[in-house]
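Chains as they are written, first to last, in my numbering: chain A, 1 to 117; chain Z, 1001 to 1109. Where is the CB? At the ideal position from N, CA and C, for every residue including glycine. Here the structure is a predicted model, which means the values were calculated and not measured. Written below as structure tokens is the structure these notes are about.
If you want it as structure tokens, here you go:
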């Protein structure tokens, strides 16, 4: 049972380069999320997708784009990486966040560690 | 502005020494308050959801409680395997979670 799978696990970029972080879940969840985690800042929501076909901005969306490719996959793209985007990125999924079934349980991947030089 | 503050930032306990972690919040309405555990190099793992003041949840040596302004995570007779960072999150009315910065717990054998 894989749960939430993120790739790559580690990446080093130069300023201005672009890259895409991939995320896939096998739990048939409706909602998916991208967070970044920085020391002293906690987990901050970048974008989320409440259901297939929808995406919304979170707390810190600037410099990022997302694509909900299908119900399983949600990708995060950095078009022109900056040193301020050095962070650990987590993808998560859950049953519908706005619905009555939502229990608060997010299932997280293992994280993608990105360094921008 | 919705805000979540956790204290202390770090806590060292002897094995068997009970204590509590605090999560205070200011939000415009509260749909739920959540506790997660995060081990080094891993993603957070869900522990509890609390929906209303007065509610309590328990799991092994952990007990979470909720008031109108804060939540406590009580750890009774901790063991070294309880060492982790404990994260609190709130969901105000809407579709977003707000996480605190966590409490790093170390339990010394």
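Boundaries (first-last residue) of the beta strand (DSSP E) holding residue i
i: residue 1074/Z; result: 1070 to 1075
i: residue 80/A; result: Neither: residue 80/A is in no beta strand (DSSP E) and is coded neither H nor E.
i: residue 1012/Z; result: 1010 to 1014
i: residue 1022/Z; result: 1019 to 1026
i: residue 1064/Z; result: 1062 to 1066
i: residue 92/A; result: 87 to 94
i: residue 1059/Z; result: 1056 to 1059
i: residue 3/A; result: It is not in any beta strand (DSSP E) - residue 3/A carries neither H nor E in the DSSP assignment.
i: residue 36/A; result: 31 to 38
i: residue 10/A; result: 10 to 13
i: residue 1045/Z; result: 1045 to 1050
i: residue 65/A; result: 64 to 68
i: residue 1034/Z; result: 1032 to 1038
i: residue 49/A; result: 42 to 49
Chain-ordered neighbours of residue i on chain Z, where CB pairs are closer than 8 Å
i: residue 56/A; result: 1095
i: residue 10/A; result: Simply none; closest approach about 11 Å.
Pair within 8 Å by beta-carbon distance, residue i and residue j
i: residue 110/A; j: residue 9/A; result: yes
i: residue 1077/Z; j: residue 1018/Z; result: yes
i: residue 45/A; j: residue 58/A; result: yes
i: residue 1009/Z; j: residue 1104/Z; result: yes
i: residue 1004/Z; j: residue 1088/Z; result: yes
i: residue 42/A; j: residue 1054/Z; result: no
i: residue 1023/Z; j: residue 1060/Z; result: no
i: residue 7/A; j: residue 25/A; result: no
i: residue 1025/Z; j: residue 1033/Z; result: yes
i: residue 84/A; j: residue 36/A; result: no
i: residue 19/A; j: residue 69/A; result: no
i: residue 1015/Z; j: residue 1090/Z; result: no
Chain A residues whose Cβ lies nearer than 8 Å to that of residue i
i: residue 1049/Z; result: 103, 104 and 105
Neighbour-count burial assignment, residue i, 16 or more Cβ in a 10 Å radius
i: residue 12/A; result: exposed
i: residue 104/A; result: buried
i: residue 114/A; result: buried
i: residue 32/A; result: buried
i: residue 1075/Z; result: buried
i: residue 47/A; result: buried
i: residue 93/A; result: buried
i: residue 82/A; result: exposed
i: residue 1085/Z; result: buried
i: residue 62/A; result: exposed
Proximal residues of chain Z, C-beta to C-beta of residue i below 7 Å
i: residue 111/A; result: 1043
heavy atom of the ligand NAD below 7 Å from residue i C-beta
i: residue 1028/Z; result: With respect to small molecules bound, the structure shown includes none, and the ligand NAD cannot be examined in it.
Amino acids of chain Z, ordered along the chain, whose beta-carbon sits closer than 9 Å to that of residue i
i: residue 41/A; result: 1101
- Members of the region 1095 to 1107 of chain Z near chain A, C-beta cut-off 7 Å: 1095, 1096, 1097, 1099, 1100, 1101 and 1102
- Using a beta-carbon distance cut-off of less than 7 Å, what residues from the region 1022 to 1047 of chain Z approach chain A? 1032, 1034, 1042, 1043, 1044 and 1046
- Message: Output needed in chain order: residues of the region 46 to 77 of chain A with a Cβ under 8 Å from some Cβ in chain Z.
- Response: Residues of the region 46 to 77 of chain A whose Cβ lies closer than 8 Å to any Cβ of chain Z, in chain order: 48, 50, 56, 58 and 59.
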